[in-house]
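*Asks:* Let me begin by handing over the structure; questions about it come next.
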Amino acid sequence: MSEVKKDQVFISYAHEDLETVKNVVLGLKKRKLNVWFDKEHLAPGRWKKQIIKAITRSRYFVICISKAALRKTGEKPGFQDDELQTAYEIAQDQPDQEFTIVPVRLEDCERGDFRISSFQMYDMFPRIEEGLDKLAVHLGGVSLSDAMVQDERTEDEKIIESLLGKASSAFYAKYFEKALTIFNPVLELDLNNIDAWYNKGATLGKLGRFKEALTAYEKALELNPKYSDAWYNKGATLNSLGRSEEALMAYEKALELNPEDSLAWTNKGATLHSLGRGEEALMAYEKALGLNPEDSLAWTNKGATLNSLGRSEEALAAHEKALELNPEDSLAWTNKGVTLNSLGRSEEALAAHEKALELNPKYSAAWYNKGATLDSLGHNEEALTAYEKALGLNPEDSLAWTNKGATLHSLGRFKEALTAHEKALELNPKYSNAWTNKGATLDSLGHNEEALTAHEKAL
C-alpha cells in the first residue's frame, strides 16, 4: 500500500493574533490548500496529543510571527505560550525532506539590533492578498490574482528555503545556536547564497560573536553591494565592536540605498551621539521620527541626546513619549532615570531605574545608572552593590569600573579604588575621568608624584 502524500498546512500562532490569523486561514483555503487550524479542528480534551498528531501529518508548518508572538519570549529561548511552544518544538524535530517550517510575518516586527532577512519569510503586510498569493503558490495552492502562476523553484531552491525557514523560526524563538548550525548545509548547497551569509551574520551577532558576524556581512556585501539591510547590520556589528566611525559610514551607505529606513536613521543618530556629535544626532532622530512617529527607540534616544546637550526638560518629555508608546521599554525607563537625576529628582530617578530592572534584571546599564543615582543620594554601600552587579553582567564597562572606584574612594577604601580605576584605564586608556579619579586616589594614598602624572594625563 503506497504512503499517502502529506499536503496539510498546520497554522501556529499567538492567540492575541487570532482575528488576523482567521483571515490568513480563510485566504489559504480559498487558494485550494488543506489547512489545520485549532479553532476548527481541535476537539475538547488532550490538546497536546491532537497537536502532535496534526503536525506529524502536515507537510508545512506555518509559524505566524508578530509583536505579540515575540513578546512571548522571555530570558530563556522559546515561546512562553504552551501551544505555540509545543507546536514549535515538534516542528523543529521533523525531517527536512518532507516537512517545511514557513515563517509568516503578520506585521513588521523586527527584533533587536540585528535584522534577519525576510527572503525566506512571507509577509502579510502591507497587502495581505499579495502575500497570500505568493505563500499559497509555494505551498502547492493557487494564486487568486493569476491562476496560471506556478512554483518555478528548483528542488535545491526548495531545500534551501526549507532550511532557511527552519533557521529563521529558530532565530525568532531565540534558539540562536540551533539556527547557526543550519546555515552550513545551506552554504554547502550554494556557497553564494546571500541570505545564508546575511542571516548567519545576524545569528552570530545575537550570540555576541561580532568579528565572525562582520565577516559574514562582508561576504553578503561582496555578493550584493547594494544590500541595504546588510549595510545596516554591518553598522550595528561595528558599533558592538566599538568602531563607531566605521559604523557611521555603514549606516550612511544603508541610507544612501534606502533613505526611508527609519531604523537606520535611529542607529545613525545613536552612533553620532556616541561620537559626541549631539546636534547631528538630533537631526537623525528627527528624520527617523518623521518616517515613523511611533518609534519608541528613536524617542528615548532623542531624549538621551537632549539630556547630554543640557536640555533636560525636553529630554524628559521625549522619554515619556517613548514610554507612552512602549511602557515595557527598559531602555526608556533607565534613560528617563538619568534625565530625572540630571534635574535633581533623584528619588524619582531611582524608581525609574528600578522599573527598568524589574523589566530586565540583566540590564547592566540600568544597574550602572542605579548606582550613579544611589551615589547622588549618598547611599554609597548600595551604589557599590549596584556597580558590582553591572560589572558582573558587563566586565568591560570602563564607566562602571571608574564609578566603582570613586565610590570605594568615598568609603575610604583607597587601595581597592585604585585597582578599579586601573581596570577602567586598562579598558579605555583615554578615559580622562578615570585618570582624574586615579589621581585623586593616589593623592589620598600619599603617592603625590604618581598622582601628578595621572592628573596630567587627564588634561
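Just so it is clear: in the sequence shown, position 9 is 21 by our numbering, and no numbers are missing. Using N, Cα and C, we set each Cβ at its ideal position, and we do this for glycine too.
1. Are I194 and L175 close, meaning C-beta to C-beta below 8 Å?
2. How about Y399 and K416: do their beta carbons lie closer than 8 Å?
3. Quick one: give me the first and last residue of the beta strand (DSSP E) that L70 is part of.
4. For Q20, does the three-state DSSP call read helix, strand or coil?
5. Please check the pair H285 and S320, which I expect to be a contact at CB under 8 Å, by giving their CB distance rounded to whole angstroms.
6. When you compare the CB positions of A361 and L352, do they come within less than 8 Å of one another, or not?
7. For T431, report the span of its alpha helix (DSSP H) as first-last.
8. Name the DSSP beta bridge partners of P115, please?
9. From the DSSP secondary-structure annotation, give me the bridge partner or partners of Y134.
10. Give every residue of the same chain whose Cβ lies closer than 7 Å to the Cβ of A520, excluding the five residues on either side of it in the sequence, and list them in chain order.
11. By the 10 Å Cβ neighbour count, where 16 or more other Cβ atoms means buried, how is L471 classified, buried or exposed?
12. Work out the CA separation of R165 and R69 for me, nearest whole Å.
13. Leaving out five residues on either side along the sequence, give the residues of the same chain with a beta carbon under 6 Å from the beta carbon of E306.
14. Are any of the Cβ atoms in chain B nearer than 8 Å to that of L151?
15. I need the boundaries of the alpha helix (DSSP H) containing V37, first residue and last residue.
16. Measuring straight from C-alpha to C-alpha, what distance separates E428 and A418?
17. Distance, Cα to Cα, E408 vs E394?
18. Can you give me the C-alpha to C-alpha distance between D273 and M295, rounded to a whole angstrom?
19. Find the nearest neighbour of N372 within the set N347, D341 and N392, judged by alpha-carbon distance.
20. Could you check what DSSP says for V475 in three-state terms: helix, strand or coil?
21. Have a look at Y100, R221, N445 and L430 and flag the residue whose alpha-carbon is nearest the alpha-carbon of G458.
22. Determine the DSSP secondary structure at R255, reduced to helix, strand or coil.
23. Buried or exposed for K6, going by 16 or more other Cβ atoms inside 10 Å?
24. Who are the Cβ neighbours of A276 in its own chain at under 6 Å, not counting the five residues just before and after it?
25. What is the DSSP secondary structure of S157, reduced to helix, strand or coil?
26. Kindly indicate which residue of H27, E298, N196 and I23 has the alpha-carbon position closest to the one of L37.
27. Taking the beta carbon of D241 as the centre, do at least 16 other beta carbons fall within 10 Å, making it buried, or is it exposed?
28. Of the residues A310, H27, V114 and S358, which one's Cα is nearest the Cα of I172?
29. Can you list, in chain order, the residues of its chain whose CB lies under 6 Å from that of R123, leaving out five sequence neighbours each side?
30. Just the C-alpha distance for G247 and N236, rounded to the nearest angstrom, thanks.
31. Terminal residues of the continuous alpha helix (DSSP H) containing T312?
32. From F222, W379, G290 and I67, pick the residue whose C-alpha is nearest to that of G322; which is it?
33. What's the gap between the Cα of T32 and the Cα of E167?
34. Is it right to say D135 is buried, meaning 16 or more other beta carbons lie within 10 angstroms of its own, or is it exposed?
35. Sorted by chain position, which residues of the same chain lie with C-beta nearer than 6 Å to G349's C-beta, five sequence neighbours on each side aside?
36. Just to confirm the assignment, what range does the alpha helix (DSSP H) spanning T166 have?
*Replies:* This is what the structure holds:
1. The Cβ atoms of I194 and L175 lie closer than 8 Å to each other.
2. Yes, these two residues count as a Cβ contact at 8 Å.
3. In the sequence as presented, Leu is not what sits at residue 70; that position holds Ser. Unbroken beta strand (DSSP E) run through S70: S70 to I77.
4. Secondary structure of Q20 (DSSP, three-state): strand.
5. Their Cβ separation, rounded to whole angstroms, is 7 Å, which keeps H285 and S320 in contact under 8 Å.
6. The Cβ-Cβ distance between A361 and L352 falls below 8 Å.
7. Its alpha helix (DSSP H) spans residues F426 to L439.
8. DSSP, once it has assigned bridges, lists I75 as partnering P115.
9. Under DSSP, Y134 forms a beta bridge with V116.
10. Nothing about residue 520 can be read from this structure; the chain reaches only from 13 to 471.
11. With a threshold of 16 other beta carbon atoms within 10 Å, L471 falls short and is exposed.
12. Looking at the two C-alpha atoms, the distance is approximately 24 Å.
13. Cβ-Cβ distances below 6 Å link E306 to L337 in the same chain, with the five nearest sequence neighbours on each side left out; the list follows chain order.
14. Among the chains in the structure shown there is no chain B, since it carries only a single protein chain.
15. Note, V37: alpha helix (DSSP H), L30 to K42.
16. Rounded to whole angstroms, the separation of the alpha carbons of A418 and E428 is 10 Å.
17. Spanning the two alpha carbons is a distance of roughly 21 Å.
18. Approximately 15 Å between the Cα atoms of the pair.
19. Per the Cα distances, D341.
20. Residue 475 is absent from the model: the chain starts at 13 and stops at 471.
21. Cα-wise, what sits closest to G458 is L430.
22. Reduced to three states, the DSSP call for R255 is coil.
23. Here the chain has residues from 13 to 471 only, and residue 6 is not among them.
24. Within the same chain, Y244, Y263, A266 and L267 come within 6 Å of A276 by CB-CB distance, once the 5 residues on both sides are set aside.
25. Assigned with DSSP and collapsed to three states, S157 falls in coil, not helix or strand.
26. The question names Leu, but residue 37 is Val in the sequence shown. Of the listed residues, the one whose Cα sits closest to V37 is I23.
27. Answer is buried; the Cβ neighbour count reaches 16.
28. The shortest C-alpha separation from I172 is found at V114.
29. Because R123 sits at a pLDDT of 49, beneath the cut-off of 50, its placement in the model cannot be relied upon, and the following sentence gives the value as read from the coordinates. Hits under 6 Å: L82.
30. Roughly 16 Å separates the two Cα atoms.
31. Where T312 is concerned, the enclosing alpha helix (DSSP H) stretches over S308 to S320.
32. Taking the Cα of G322 as reference, the smallest distance to any Cα among F222, W379, G290 and I67 is reached at G290.
33. For T32 and E167, the gap between their C-alpha atoms comes out near 32 Å.
34. With 16 or more Cβ atoms within 10 Å of its Cβ, D135 is classed as buried.
35. Same-chain partners within the cutoff: A361, A364, H365 and N381.
36. No alpha helix (DSSP H) contains T166, which DSSP labels as neither H nor E.
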